[in-house]
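Asks: Protein chains in written order, with the working numbering: chain A, 6 to 299; chain B, 6 to 299.
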């Protein structure tokens, strides 16, 4: 087996090991059923960024998933900070990627409460990551529409960040086969929902548009901040469903995510853009300035 | 941590250990994304039953999940039989439950092909199980309708047996909260699809009804066999959508699954049945006779 990023570390219930050595029981429900919740946070200037917001959402996922937590915010925070510190000892330069995964516990086969025989398992993965450079930003990325629809919130709510990720994995693999960098998923009415791992924005006739939370998407932390930042810049923002044809005709398209911040789409299906649009550029700068200060 | 069934064993890529000691890397995609496929097989009279059919379906899941296997049927079969034998050495009496889980491999974060850095991981879990006794059959079980709809096949096809099981887990937890044994999931049009871990049949006006595969359900092996056995018994079988109201008014309802074979529903929401119906009883006997001979 290949050694993963050598400096990466994983904490399991507070015990930190090199990432490549970290193991969990096969009978953990995270492995058997994808019965786990997660968050991905990052540092800005090597300082943990928006952990509070990520914790708020993790606890919201806990409620949506009927997965009560047996630990407190303070306990988890302590472990997260310890894991980040352990990585920083291994790597004196990189920004830190932090994936927090909570499983329902270890147990016997069976879907009910009584099958779970332990407390929640806490897994924290820290490794280095490179923030998007100006060069990368200028190159942007390409997206296609997946032939797959987004999970319906009445079946499995995309607002819940869970270990059931195949809907996105399969959309991504399809994009890869078609030669695109990533995929957008629509709902059954050809309305844009979100990408595999990001929210989506478009500038259409001077208005900044993004799908409303009610359509069944992740309540992205960066999405929220970008909406706020845009309003501060006197940009009109509209959270209403966007038909895929409207997206194809948009003036600018960008994605938001914790790791990629504001990132431009320079190709969508057959449609190409020469360079990141002015509003995309303006919002990237304004978002970064705000993030560096907070 | 509680010790699980002491005699149970788990094979990981051919290495067999006690089930409670078996561990897999955190960075296995089965853990991170639920990016795994599975089958549950059983023995009949301590002899592996329908492994061929389970393998056929596993390879069909492989194709639906764009997860090519790096091992042959013969290699997997050998490991499955070895794991069953290892369990039988620990337990000289029980029938054997066998869960076969295949993950896309171990890798870095990321949804694409290049993130996966190893071959598929093969995990086989064998433990004892008790076939449904006559007493249990007579007691039957209760079902409610989940408020959650089944995953849409255009989002994540239920015909693919994957490690993304939260749609069923959440339906089950809801049933448990409401005091029912398990749950049925309908689609967005209030048509019955299947249960959390089983297919569903109903006798309606003398006809044996079950949802068609095209509605988005698992192609159950026991479902198939029961349809065949019913036809051999000159029972009319209709694979057409069943509205939930039709199910509530049915004369008999039963489920099918590998472990429970033909098993009666004696309560569905407010509606109760005094005892398993005649067709349910007849089919259970006919199915068991066929299974014992094959």
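Positions of the beta carbon are idealized from the N, C-alpha and C atoms, including for glycine. Because the structure is a prediction, the values reported are computed rather than measured.
How about residue 39/B: is its C-beta nearer than 8 Å to some C-beta of chain A?
Replies: As a first step, residue 39/B is located in the second chain; it is residue number 34 there, counting from the start. At least one chain A Cβ lies under 8 Å of residue 39/B.
Asks: Would you list the residues sitting across from residue 48/A in a DSSP beta bridge?
Replies: Numbered from its first residue, the first chain carries residue 48/A at position 43. DSSP output for residue 48/A lists 53/A as bridge partner(s).
Asks: Check distances from the C-beta atoms of the stretch 154 to 177 of chain B to those of chain A and list, in chain order, the residues that come in under 9 Å.
Replies: Per Cβ criterion, the list reads 154, 155, 156, 157, 159, 160, 161, 165, 167, 168, 169, 170, 171, 172, 173, 174, 175, 176, 177.
Asks: Using the three-state DSSP reduction, which class does residue 7/A fall into: helix, strand or coil?
Replies: In the first chain, residue 7/A corresponds to position 2, counting from 1. Residue confidence is low: residue 7/A scores 42 on pLDDT, short of 50, so the model does not pin down where it sits. No coordinate-derived value is stated.
Asks: In chain order, what residues of the same chain lie with their CB nearer than 8 Å to the CB of residue 238/A, ignoring the 5 residues before and after it?
Replies: Within the first chain, numbered from 1, the residue matching residue 238/A stands at position 233. Excluding residues within five positions, the ones whose Cβ falls inside 8 Å are 287, 288, 291.
Asks: Is it buried or exposed, residue 235/B, if we count other Cβ atoms within 10 angstroms and call 16 or more buried?
Replies: Against the second chain, residue 235/B aligns to sequence position 230. Result: buried.
Asks: Mind pulling the chain B residues with CB within less than 7 Å of residue 36/A?
Replies: For the purposes of this step, residue 36/A is taken as the residue at position 31 of the first chain. The answer, in chain order, is 29, 35, 36.
Asks: Anything in chain A within Cβ reach of residue 117/B, meaning under 8 Å, just list it in chain order.
Replies: Here the question's residue 117/B lines up with position 112 in the second chain. Ordered by position in chain A, the residues that pass the 8 Å Cβ test against residue 117/B are 177, 178, 181.
Asks: Over what stretch of residues does the alpha helix (DSSP H) that includes residue 297/B continue unbroken?
Replies: Here residue 297/B corresponds to residue number 292 of the second chain, with the count starting at 1. Looking at the DSSP string, the run of the alpha helix (DSSP H) that includes residue 297/B is 283 to 298.
Asks: Please report the straight-line C-alpha distance between residue 75/A and residue 280/B, rounded to a whole angstrom.
Replies: As a first step, residue 75/A is located in the first chain; it is residue number 70 there, counting from the start. As a first step, residue 280/B is located in the second chain; it is residue number 275 there, counting from the start. Cα to Cα, residue 75/A sits roughly 42 Å from residue 280/B.
Asks: Let me check understanding here. Comparing Cα to Cα, which of 144/B, 18/B, 121/B lies closest to residue 77/B?
Replies: Within the second chain, residue 77/B is the residue found at index 72, counting from 1. Ranking 144/B, 18/B, 121/B by Cα distance to residue 77/B puts 18/B first.
Asks: Check the Cβ-Cβ distances between residue 121/A and every residue of chain B, and say whether any is below 8 Å.
Replies: As a position in the first chain, residue 121/A is number 116, starting the count at 1. No, because no Cβ of chain B sits closer than 8 Å to the Cβ of residue 121/A.
Asks: Out of 31/B, 107/B, 273/B, which one is the CA nearest neighbour of residue 60/B?
Replies: In the second chain, residue 60/B corresponds to position 55, counting from 1. When only C-alpha atoms are compared, the closest one is 107/B.
Asks: Could you tell me whether the stretch 16 to 34 of chain B touches the stretch 248 to 257 of chain B, using the rule of 3 or more Cβ pairs below 8 Å?
Replies: No, they do not touch.
Asks: If you drop the 5 nearest sequence neighbours on each side, which residues of the same chain put their C-beta closer than 6 Å to that of residue 130/B?
Replies: For the purposes of this step, residue 130/B is taken as residue 125 along the second chain, with counting starting at 1. Result list for residue 130/B: 15, 104, in chain order.
Asks: Against chain A, with Cβ distances strictly below 8 Å, would residue 85/B count as a contact?
Replies: On the second chain, position 80 is the one that residue 85/B refers to. Not closer than 8 Å to any Cβ of chain A, the Cβ of residue 85/B fails to qualify, so no.
Asks: When you compare each of 269/B, 119/B, 123/B to residue 143/B by their alpha carbons, which one comes out closest?
Replies: On the second chain, residue 143/B is found 138 positions in, with the first residue counted as 1. Checking every option, the nearest Cα to that of residue 143/B belongs to 269/B.
Asks: Determine, using beta carbons only, whether residue 206/A and residue 215/A come nearer to each other than 8 Å.
Replies: Within the first chain, the letter at position 201 stands for residue 206/A. Within the first chain, the letter at position 210 stands for residue 215/A. Yes, the Cβ-Cβ distance between residue 206/A and residue 215/A is below 8 Å.
Asks: Indicate the three-state DSSP secondary structure (helix, strand or coil) for residue 43/B in the structure shown.
Replies: On the second chain, residue 43/B is found 38 positions in, with the first residue counted as 1. Strand.
Asks: Where do the N-terminal and C-terminal ends of the beta strand (DSSP E) with residue 34/B fall, by residue?
Replies: By 1-based counting over the second chain, the position of residue 34/B is 29. Premise fails: residue 34/B lies in the alpha helix (DSSP H), 34 to 38, not in any beta strand (DSSP E).
Asks: Give me the chain B residues within the contact set of residue 24/A, using Cβ-Cβ distance strictly less than 7 Å, ordered along the chain.
Replies: Counting from one through the first chain, the residue named residue 24/A turns up at place 19. Near residue 24/A (Cβ distances below 7 Å), the residues of chain B are 32.
Asks: Run through DSSP, which three-state label would residue 122/B get?
Replies: Along the second chain, one-based indexing puts residue 122/B at 117. Coil, per DSSP.
Asks: Where residue 242/B and residue 224/B are concerned, what is the direct C-alpha to C-alpha distance, given to the nearest angstrom?
Replies: Reading the second chain from its first residue, position 237 is the one you call residue 242/B. Reading the second chain from its first residue, position 219 is the one you call residue 224/B. When rounded, the distance between both Cα atoms is 16 Å.
Asks: Report yes if the CB atom of residue 69/B is closer than 8 Å to the CB atom of residue 164/B, and no otherwise.
Replies: By 1-based counting over the second chain, the position of residue 69/B is 64. By 1-based counting over the second chain, the position of residue 164/B is 159. Yes; because the gap between Cβ atoms is below 8 Å, this pair is in contact.
Asks: Would you please verify whether the beta carbon of residue 15/B is less than 8 Å from any beta carbon of chain A?
Replies: The sequence position of residue 15/B within the second chain is 10, counting from 1. Yes, because at least one Cβ of chain A sits closer than 8 Å to the Cβ of residue 15/B.
Asks: Residues in its own chain within less than 8 Å of residue 112/B by CB, not counting five upstream and five downstream?
Replies: Stepping through the second chain from its first residue, residue 112/B is reached at position 107. Cβ neighbours of residue 112/B beyond the five flanking positions: 32, 34, 120, 121, 122, 123.
Asks: Determine whether the Cβ of residue 292/B lies closer than 8 Å to any Cβ atom of chain A.
Replies: As a first step, residue 292/B must be located in the second chain, where it is residue number 287. Closer than 8 Å: no.
Asks: Enumerate in chain order the residues of its own chain whose CB-to-CB distance from residue 156/A is below 7 Å, with the five nearest sequence positions on each side excluded.
Replies: As a first step, residue 156/A must be located in the first chain, where it is residue number 151. 163, 172, listed in sequence order.
Asks: Residue 12/A touches chain B at which residues, Cβ-Cβ below 8 Å?
Replies: For the purposes of this step, residue 12/A is taken as the residue at position 7 of the first chain. Chain B residues near residue 12/A: none, gap ~13 Å exceeds 8 Å.
Asks: Residues bridged to residue 196/A by DSSP?
Replies: As a working mapping, residue 196/A is identified with position 191 in the first chain. Answer is 248/A, bridged to residue 196/A.
Asks: Find the nearest neighbour of residue 72/A within the set 179/B, 210/B, 267/B, 226/B, judged by alpha-carbon distance.
Replies: In the first chain, counting from the first residue as 1, residue 72/A sits at position 67. Minimum Cα distance to residue 72/A is reached at 179/B.
Asks: Can you give the Cα-Cα distance for residue 168/A and residue 274/B, rounded to whole angstroms?
Replies: Residue mapping note: residue 168/A aligns to position 163 of the first chain, counting from 1. Residue mapping note: residue 274/B aligns to position 269 of the second chain, counting from 1. Answer to the nearest angstrom: the Cα atoms are 31 Å apart.
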